[in-house]
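Participant:
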Amino acid sequence: MAKQWGGRFEAQTDALVEALGQSVSYDARLAPWDIRASIAHARMLGQEGIITRADSRKIVAGLTAIAKDIDAGRFTFDPSLEDVHTNIESALVTRIGDAGKRLHTGRSRNDQVATDVRLWMRDQIDTILKLLKAIQAAFVDFAEAHVEVILPGCTHLQHAQPVLLAHHMLAYFEMFARDRDRFTQLRARVNVMPLGSAALAGTPYPINREWVAKELGFERISANSMDAVSDRDFVIEFCAAASLTMMHLSRFSEELILWSTPEYHFIEIGDSYTTGSSIMPQKKNPDVAELVRGKTGRVYGDLTALLTLMKGLPLTYNRDLQEDKEALFDASDTVQLCLAVVTRMIPSIHIHAHAMESATREGYLEATDVADYLVGKGMPFREAHSVVGRIVLYCSRNGRRIPELSVKEFRSFAACFDADIVDALSVESIVRRRDNPGGTSPRRVREALRKARKSL
Ligand code: ARG
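Set out below in structure tokens:
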């Protein structure tokens, strides 16, 4: 293998070094962004008289033709040329000769790769923002379709208080709204152009960074060349944001998995998002939800790999940085695929409203409201809490439910119980009373649904 930039070497590179050092097998996907950045750079070089206009035009035409070939699958990337940048530059020289050798004037692969990754990431963020919006819309549709359904809300996975299923679903809407915020804020930090930082110190050529930045849609240019070529905190932030989105998807998946067990029997996930067993003919397994939950760990792994990669690197560029790409690409691909598949799975979920509502009859969900009732009669809350504790104990010893008790039985625990306790105990009235902003009352939930719809 001929040595790249071999002027100062006498021996060839060890054969294993190619396997270790090549990145083109995975960074080839940066080619469209690499070429866009190179075209902008070449135009600027021509405009500023750093290279001739004729050479600049030849480079732009050559790069455009290479982009077409890559797009059509007619371009072969060569691992002996190390990475996407060298592959494209070398193809350019082969095609247009000496003009191609002038493209790299005033830049380095260090500012080039940082620019490419930022351009690529900006587009990924835009796609992720669309996917997040789509999953939010799926939650709103789902909540609207089941706005009457009540189920036990849990803490500690124990029945706590009844809530509207729509309220439960809108909780996920809020999580994905925050994810959208996070990616939107990250986009502004990503949209800064490193190009012009060259290897680490800047370049003596009279380049026009502002023009290139505008041409590439960057909001700003980087302020410090040493930071610009060596920083990857935006890559870590991307993986952190992706990890949080995966965490949200995973929590939802976990609920779907629990809810589709015979013990819950709350839902049935559609055939297109479940799979059978190779041995047990009766099985309908929630594999999609399980895989999303499983893939969450893998995105966390990507984040951890990147944090560890960066922690010991002195300024400025170190080759370790090449290792950022596989983790980043994996996190991006995984979060996009999982968002898309869960969004499609949501409308396939069939709700067993009856099972949800019968579950509200177990676990003394009315207890807090009985205490609140006593507070309404003038009893301090702490005292009411202990009175109701005794009522629950009585019920559990005697196999009774709180709403089954007679007024006389209630009175045996506290004299202030009246006949109106009966009305206070239906799950509908318990839900209806939670009518403060953010609460589960049908009025508040309908209002939240309208707001959610509007925000999309
Ligand atoms: N493939 C390299 C990377 O991803 C490009 C930059 C190489 N720069 C260098 N000085 N070796 O980091």
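The sequence shown begins at 48 in my numbering and counts up by one.
No residue lacks a Cβ here, since even glycine has one placed at the ideal position from N, Cα and C.
Is any non-hydrogen atom of the ligand ARG found closer than 6 Å to the C-beta of Gln51, if you look at the structure I gave you?
Facilitator: no
Participant: Report yes if the CB atom of Ala213 is closer than 7 Å to the CB atom of Val474, and no otherwise.
Facilitator: Val474 sits away from Ala213, with the two beta carbons spaced by 7 Å or more.
Participant: In terms of alpha-carbon separation, which member of Gly423, Met294, Gly317, Cys286 lies closest to Lys372?
Facilitator: Cys286
Participant: Confirm, please, whether the CB-CB distance from Val276 to Leu364 is below 7 Å.
Facilitator: The sequence shown places Tyr at residue 364, rather than the Leu named in the question. Yes, the Cβ-Cβ distance between Tyr364 and Val276 is below 7 Å.
Participant: Is any non-hydrogen atom of the ligand ARG found closer than 6 Å to the C-beta of Asp170, if you look at the structure I gave you?
Facilitator: no
Participant: Listed in chain order, which residues are found with a beta carbon closer than 5 Å to a heavy atom of the ligand ARG?
Facilitator: Ser70, Asp130, Arg156, Val160, Leu368, Gln369
Participant: What are the partner residues of Arg267, as DSSP defines its beta bridges?
Facilitator: Val239
Participant: DSSP puts Leu247 in a beta bridge; with which residues?
Facilitator: Note: Leu247 sits in no beta bridge, so no partner.
Participant: Alpha carbon to alpha carbon, how far is Lys455 from Phe313?
Facilitator: Looking at the backbone, the Cα of Lys455 and that of Phe313 are separated by about 36 Å.
Participant: I'd like to confirm the pairing. Which residues does DSSP put opposite His397 in its beta bridges?
Facilitator: Glu315
Participant: Please classify His215 as buried or exposed, where buried requires at least 16 neighbouring CB atoms within 10 angstroms.
Facilitator: buried
Participant: Are the beta-carbon atoms of Gly120 and Tyr252 separated by less than 7 Å?
Facilitator: no
Participant: In three-state DSSP terms, what is Ala462?
Facilitator: coil
Participant: Below 7 Å CB to CB, which residues in the same chain sit around Ser307 once its five sequence neighbours on both sides are set aside?
Facilitator: Ile314, Glu315, Ile316, Pro333
Participant: Answer yes or no: do Ala161 and Pro79 have a C-beta to C-beta separation smaller than 7 Å?
Facilitator: no
Participant: Cβ of Ser290 within 7 Å of Cβ of Ala336?
Facilitator: no
Participant: Please work out which residues of its chain come closer than 8 Å, Cβ to Cβ, to Leu233, disregarding the five sequence neighbours upstream and downstream, and give them in chain order.
Facilitator: Ile172, Phe281, Glu284, Phe285, Ala288
Participant: What is the rounded straight-line gap between the Cα of Asp367 and the Cα of Ala58?
Facilitator: 24 Å
Participant: Under 8 Å by Cβ, that's how I've got Val339 and Leu296 pegged, so tell me the actual separation to the nearest angstrom.
Facilitator: 5 Å
Participant: State yes or no: is the C-beta of Leu92 within less than 7 Å of the C-beta of Ile86?
Facilitator: Contact: no.
Participant: Can you list, in chain order, the residues of its chain with a C-beta nearer than 8 Å to that of His151? Leave out the 5 residues immediately preceding and following it.
Facilitator: Glu136
Participant: I'd like the ranges of any alpha helix (DSSP H) spanning at least 4 consecutive residues and lying wholly in the stretch 387-437.
Facilitator: 400-406, 414-423
Participant: Nearest-angstrom Cα distance between Ala184 and Asp170?
Facilitator: In a straight line, the C-alpha of Ala184 is about 21 Å away from that of Asp170.
Participant: Tell me, to the nearest whole angstrom, how far the beta carbon of Ile393 is from that of Phe186; I am working on the premise that it is less than 8 Å.
Facilitator: 7 Å
Participant: When the distance is taken between beta carbons, is Ala414 closer than 7 Å to Val422?
Facilitator: no
Participant: Would you mind sorting Phe457 into buried or exposed? The rule is 16 or more other CB atoms within 10 Å of its CB.
Facilitator: buried
Participant: Beta-carbon separation of Pro126 and Val64 under 7 Å?
Facilitator: Going by C-beta atoms, Pro126 is not nearer than 7 Å to Val64.
Participant: Quick one, which of Leu303, Thr381, Arg90 has its alpha-carbon nearest Glu257's?
Facilitator: Arg90
Participant: Got a sec, what are the start and stop residues for the alpha helix (DSSP H) Val469 sits in?
Facilitator: Looking at the DSSP string, Val469 is not in any alpha helix (DSSP H), and its letter there is neither H nor E.
Participant: If I'm right that Met293 touches Val237 with Cβ under 8 Å, what's the distance once you round it to whole angstroms?
Facilitator: Not quite, the Cβ-Cβ distance comes to about 19 Å (not below 8 Å), so this is no contact.
Participant: Which residues mark the beginning and the end of the beta strand (DSSP E) in which Gly200 is found?
Facilitator: 197-202
Participant: Do Val131 and Leu77 have their C-beta atoms closer together than 7 Å?
Facilitator: Contact: yes.
Participant: If we ignore side chains and look at the alpha-carbon of each, how far apart do Val196 and Asp274 end up?
Facilitator: Distance from the CA atom of Val196 to the CA atom of Asp274, rounded to whole angstroms, is 54 Å.
Participant: What are the residues that DSSP puts in a beta bridge with Asn332?
Facilitator: Thr322
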